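**Q** Sharing a structure, written as structure tokens. Questions coming.
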Amino acid sequence: MMRVLVIDDEPLARAGVLARLRQCADMHVVAEHGDGPAALAGIRETRPDLVFLDVEMPGMRGLDVLAALPVAERPLAVLLTAYEQFAVQAFALDVVDYLLKPVEDERFAEAVARARQAWKFRHQAPPAPVAEPARYLSRFTVRYGSRLVFVDAGEVEWIDAAGDYATLHAAGREYLVRTSLHRLVESLDPAAFARVHRSAIVRLDQVAELRTLGNRDAILRLRDGTPLRASRTYIDALLVALERQRAAA
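In terms of our numbering, the sequence shown opens at residue 682 and continues consecutively.
Structure (structure tokens):
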């Protein structure tokens, strides 16, 4: 049974979420609040597993409420908002989804499903240690005529497909390597790189911002300003990878 807190300064919005949660047998609402300071105190007192949290509230913004909590006390969160733009900060605070107001039944059910999945992931037993660490590609060998150029994987910011080849983007330069994107993603460290589209791989620490779109695709902005599209096929795995990287850091 997941213990849930509903936080929104609009009574009608709160009522809509509460009505939908009554239909979820595995969700138990422990309290509801209408402003940021009350929400922060309520989370500390009741220790819910999941919060439905308004972004803009009097006294304290929703993301500020989450940021004020130690990681160990921070619940999973579904944002309630009228806006579609979110920085990576939101997804580094255990935000598993967002719901645009007015909330649609189908999107609410999808958010609940993602929250259940994230909750199970939190409570599952840690994997058994492997006998030997996996070996991942640490550098690329690029051929220029009779010359070989070596590019460290840690210098590559993102990679895109170019037919049977792939283009490495590193420090403002491009390097063409003769391998497919599918083979590349299998040889790169998943703690550092993630596929975000059928034609693109990104180094996780280069993601500066993530803006969600209505169809569950997203637009990423890298640290150098490069925009990349993340498709719905890869968005869930990308968010998990970003959160794991934040936790490891």
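The beta-carbon is built from N, C-alpha and C at its ideal position, and this holds for glycine as well.
Quantities reported herein were computed from a predicted structural model and do not represent experimental measurements.
CB-CB under 6 Å to residue 830, same chain, minus the five flanking residues each way: which ones, in chain order?
**A** Around residue 830: 823.
**Q** Inspect the CB distances between the region 737-747 and the region 710-724 and report whether three or more fall short of 8 Å.
**A** As far as the Cβ criterion goes, the region 737-747 touches the region 710-724, which means the pair count is three or higher.
**Q** Measuring CA to CA, which of 751, 858, 735, 909 is closest to residue 882?
**A** Comparing Cα-Cα distances from residue 882 to each of 751, 858, 735, 909, the minimum goes to 909.
**Q** Do the region 860-870 and the region 888-895 touch if we need at least three Cβ pairs shorter than 8 Å?
**A** In short, these stretches do not touch, since the Cβ pair count stays below three.
**Q** Name the residue from 745, 730, 728 whose alpha carbon lies nearest to the alpha carbon of residue 736.
**A** Nearest of 745, 730, 728 to residue 736, Cα basis: 745.
**Q** Whose C-alpha, out of 686, 702, 703, 797, is nearest the C-alpha of residue 721?
**A** Among 686, 702, 703, 797, the Cα nearest to that of residue 721 belongs to 686.
**Q** In whole angstroms, what is the alpha-carbon distance linking residue 730 and residue 905?
**A** If I take the Cα positions, the gap works out to 36 Å.
**Q** If you run the structure through DSSP and keep just helix, strand and coil, what is residue 915?
**A** Reduced to three states, the DSSP call for residue 915 is helix.
**Q** Could you confirm whether any beta carbon from chain C is found closer than 8 Å to the beta carbon of residue 868?
**A** The structure shown contains no chain C, having only a single protein chain.
**Q** Look at the alpha carbon of residue 861 and the alpha carbon of residue 818, and state the distance between them as a whole number of angstroms.
**A** So the alpha carbons of these two residues sit roughly 14 Å apart.
**Q** Kindly give me the distance between the Cβ atoms of residue 754 and residue 725, rounded to whole angstroms, as I take these residues to be in contact under 8 Å.
**A** Confirmed, Cβ separation roughly 7 Å.
**Q** Output yes or no for whether 8 Å exceeds the beta carbon distance between residue 857 and residue 843.
**A** Cβ distance < 8 Å, so residue 857 and residue 843 count as in contact.
**Q** Using the Cα positions of residue 792 and residue 777, report the straight-line distance between them to the nearest angstrom.
**A** When rounded, the distance between both Cα atoms is 8 Å.
**Q** Applying the criterion that 16 or more other CB atoms from any shown protein chain within 10 Å of the CB defines a buried residue, is residue 697 buried or exposed?
**A** Residue 697 is buried by the Cβ-count criterion.
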